[in-house]
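A.B. asks:
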Amino acid sequence: MTRASTLARARVAGKTPAMTSVAQRILEEAMALPEDERVALVEALSDTLDRPAEALSPEWKAEVLTRIEAVERGDVEPVEWTDVEARIRSTIAQR
């Protein structure tokens with residue numbers, strides 16, 4: 000199992016692994032911020048990482064743009080993360 004899959008499974012289970020109590024406290028405080036401030040915080044933190052950004056393939060770029068346009072036209076209704084998360088948890092619990 001890869002580290003990424005381990006972290007993903009832990010997040011679905013409602014846990015945040017490999018995080019100190021200080022980092023956990025910061026996360027809890029950040030979660031109380033309005034969404035636009037959380038987005039800005041994530042972007043600022045992401046900019047500090049040394050990992051190079053993986054470029055999207057031309058196919059994925061086209062797919063992303065297609066999906067954005069579908070949402071903007073109203074062809075697709077966005078689903079709240081809490082609803083998606085609840086469905087994921089339910090699916091996992093049934094296994």
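For the sequence shown, numbering that gives the first Met the number 0 gives the first residue as 0, with consecutive numbering after it.
Where is the CB? At the ideal position from N, CA and C, for every residue including glycine.
Bear in mind that the values here come from a model prediction, so they are computed numbers and not experimental data.
1. With the cut-off set at 8 Å, would you say ALA29 and ARG37 are in Cβ contact?
2. Measuring straight from C-alpha to C-alpha, what distance separates ALA61 and GLU84?
3. Would you call the CB atoms of LEU26 and LEU32 closer than 8 Å?
4. Could you have a look at GLU53 and say whether DSSP puts it in helix, strand or coil?
C.D. replies: Looking at the coordinates:
1. Residue mapping note: residue 29 aligns to position 30 of the sequence shown, counting from 1. Residue mapping note: residue 37 aligns to position 38 of the sequence shown, counting from 1. A contact, by the Cβ cut-off of 8 Å.
2. To locate residue 61, count along the sequence shown from 1; it is residue 62. To locate residue 84, count along the sequence shown from 1; it is residue 85. Rounded to the nearest angstrom, the two C-alpha atoms are 26 Å apart.
3. Here the question's residue 26 lines up with position 27 in the sequence shown. Here the question's residue 32 lines up with position 33 in the sequence shown. No, they are not a contact pair.
4. The residue labelled residue 53 in the question sits at position 54 within the sequence shown. Here GLU53 sits in coil by DSSP.
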